[in-house]
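Accompanying notes for the structure given below.
In the UniProt record's numbering, the protein residues as written are 1 to 84.
Printed below as a string of structure tokens:
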């Protein structure tokens with residue numbers, strides 16, 4: 001992510017549910033002594049799925065969200081130094 005003037009040392013996220021959908025708040029801390037907050041919108045992928053319980057045969061929309069884990073650079077460095 002652009003915006004820091006030094007290497008990012010840690011990162012964390014929190015999920016927020018809004019009317020428009022799900023979003024993430026990403027917090028980063030850097031050696032430039034700055035903590036920044038980033039708002040990331042998660043877009044949904046809609047799929048038509050047949051609802052077998054209904055008699056009229058109308059499809060039902062189902063939203064599917066995918067999340068990726070975010071790892072702290074210092075955690076990754078520790079794991080690499082341990083040989084994992």
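Yeah, the Cβ is synthetic: ideal placement off N, Cα and C, and Gly gets one too. For clarity, every value in this text was computed on a predicted model and none was experimentally measured.
C-alpha distance - residue 7 paired with residue 20, whole-angstrom precision: Locating residue 7 in the chain shown gives position 7, counting from the first residue. Locating residue 20 in the chain shown gives position 20, counting from the first residue. Rounded to the nearest angstrom, the two C-alpha atoms are 33 Å apart.
N- and C-terminal bounds of the beta strand (DSSP E) containing residue 15: For the purposes of this step, residue 15 is taken as residue 15 along the chain shown, with counting starting at 1. Unbroken beta strand (DSSP E) run through residue 15: 8-17.
Burial state of residue 37, where buried means 16 or more other Cβ atoms lie within 10 Å: Along the chain shown, one-based indexing puts residue 37 at 37. Burial call: exposed.
Test item: CB-CB of residue 42 and residue 26 under 9 Å: Position 42 of the chain shown, counting from 1, holds the residue named residue 42. Position 26 of the chain shown, counting from 1, holds the residue named residue 26. Result no, Cβ atoms of residue 42 and residue 26 do not sit closer than 9 Å.
Counted within 10 angstroms of its Cβ, other Cβ atoms place residue 11 as buried (16 or more) or exposed: For this step, residue 11 is matched to residue 11 along the chain shown. Label assigned to residue 11: buried.
Run of the beta strand (DSSP E) containing residue 28, from where it starts to where it stops: Mapped onto the chain shown, residue 28 falls at position 28. Note, residue 28: beta strand (DSSP E), 22-30.
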